[in-house]
Amino acid sequence: MITGGGRGLGKAIALLLAAEGVNIGITGRNEKALKETAAEIEKAGVKAAYAVFSVDEEAGVKTGIDELAKTLGGIDILVNNAGIGNFGALDKMPATEWEQVIRTNLFGVYYTAMAAYPYLKASGAGDVVNVASTAGLKGSANMSAYAASKAAVISLSQSMMAEWRKQEIRVITLTPSTIASDMSIQGGLTDGNPEKVLQPEDFAEWVRDILKMNRRAMIANGSIFSTNP
Ligand SMILES: NC(=O)c1ccc[n+]([C@@H]2O[C@H](COP(=O)([O-])OP(=O)(O)OC[C@H]3O[C@@H](n4cnc5c(N)ncnc54)[C@H](OP(=O)(O)O)[C@@H]3O)[C@@H](O)[C@H]2O)c1
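Under my numbering, the first residue of the sequence shown carries the number 17, and numbering increases by one thereafter.
This is the structure we're talking about:
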């Protein structure tokens with residue numbers, strides 16, 4: 017189950033896990049992108065399903081996750097990937113926009129994880145990958161809402177790990193640096209040059225490799241950077 021699986025990092029993870037034989041559920045707000053991505057996933061010979069909901073609305077998240085779990089026969093892996101990156105100075109960003117970043121990035125992870133938890137527990141071998149950001153490790157100019165949201169995701173994820181490992185669920189907190197995607201290119205963080213800058217596929221390979229580790233081993237926290245952007 018991958019939130020924000022219709023494009024960007026989420027789509028790259030979906031396609032790579034499908035190539036490993038994993039059935040995939042993707043979620044997002046853009047049905048057209050989800051439908052197209054689901055068709056691409058099916059080409060790998062696995063089952064694909066999608067649900068349309070906004071991660072900041074608790075009831076919609078629960079309904080969507082329940083439907084996907086029913087269609088796919090449960091949830092073993094949840095990738096909390098959906099997020100928004102609105103950047104701007106503290107005194108320039110309207111309070112409503114600031115709040116929306118927190119609602120999407122923090123509450124989105126919380127609502128989705130809570131909706132998936134009964135299925136992950138039932139699986140007896142669950143995995144949760146929470147996609148935070150290096151921006152959450154330290155505040156910086158024009159990043160206040162995004163950095164605060166990701167710092168909170170790191171903290172939530174670490175608490176989740178401490179509680180859910182008792183249920184054989186590995187909770188993995190990832191803090192990627194800039195990766196070429198709509199968010200980073202439109203946000204002016206990078207030109208996305210594939211010769212120099214991390215691509216969504218690099219992140220997806222890392223996620224796949226972490227998930228493939230022996231179940232007695234859990235990467236609790238990790239960062240990934242471009243070597244020389
Ligand atoms: N790219 C980077 O440099 C970078 C670095 C560190 C961390 N990250 C994190 O990686 C994750 C993926 O980012 P990306 O770079 O792939 O960004 P992206 O290309 O902008 O994609 C964002 C994804 O999140 C989904 N999404 C956004 N708001 C949503 C909402 N309210 N409800 C449901 N889905 C929503 C979008 O789906 P729809 O369009 O269908 O709504 C889309 O699939 C984010 O959490 C981001 O903060 C990215």
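Glycine residues also receive a C-beta, built at the ideal position from the N, C-alpha and C atoms.
Quantities reported herein were computed from a predicted structural model and do not represent experimental measurements.
With fewer than 16 neighbouring CB atoms inside 10 Å of its own CB, SER239 falls in the exposed class. For ASN209, the number of other beta carbons within 10 angstroms of its own is below 16, and it is reported as exposed. The beta carbon of PHE69 sits closer than 8 angstroms to at least one heavy atom of ligand 1.
For VAL77, the secondary structure class from DSSP, reduced to helix, strand or coil, is helix.
Remark: C-beta atoms of ALA148 and VAL169 approach each other more closely than 9 angstroms. Within the model, the alpha-carbon separation for SER165 versus PRO110 is close to 16 angstroms. Shown here, ASP225 sits in a helix according to DSSP, grouped into three states.
Listed in chain order, the non-local C-beta contacts of ALA157 below 8 angstroms within the same chain comprise ALA105, local neighbours out to five positions each way being set aside. By a beta-carbon distance limit of 8 angstroms, VAL95 contacts VAL145. Their separation comes to about 5 angstroms. The DSSP-derived three-state label of GLY61 is coil. With contacts defined by Cβ atoms closer than 9 angstroms, GLY37 and ALA55 do not form a contacting pair. Looking at the DSSP output, PRO192 sits in a beta bridge with ILE240. Nearest Cα to GLU211 within the set THR243, MET17, ALA75: THR243. Secondary structure note for LEU94: its beta strand (DSSP E) is the uninterrupted segment 93 to 96. Assignment of ILE42 by DSSP, reduced to helix, strand and coil, places it in the strand class.
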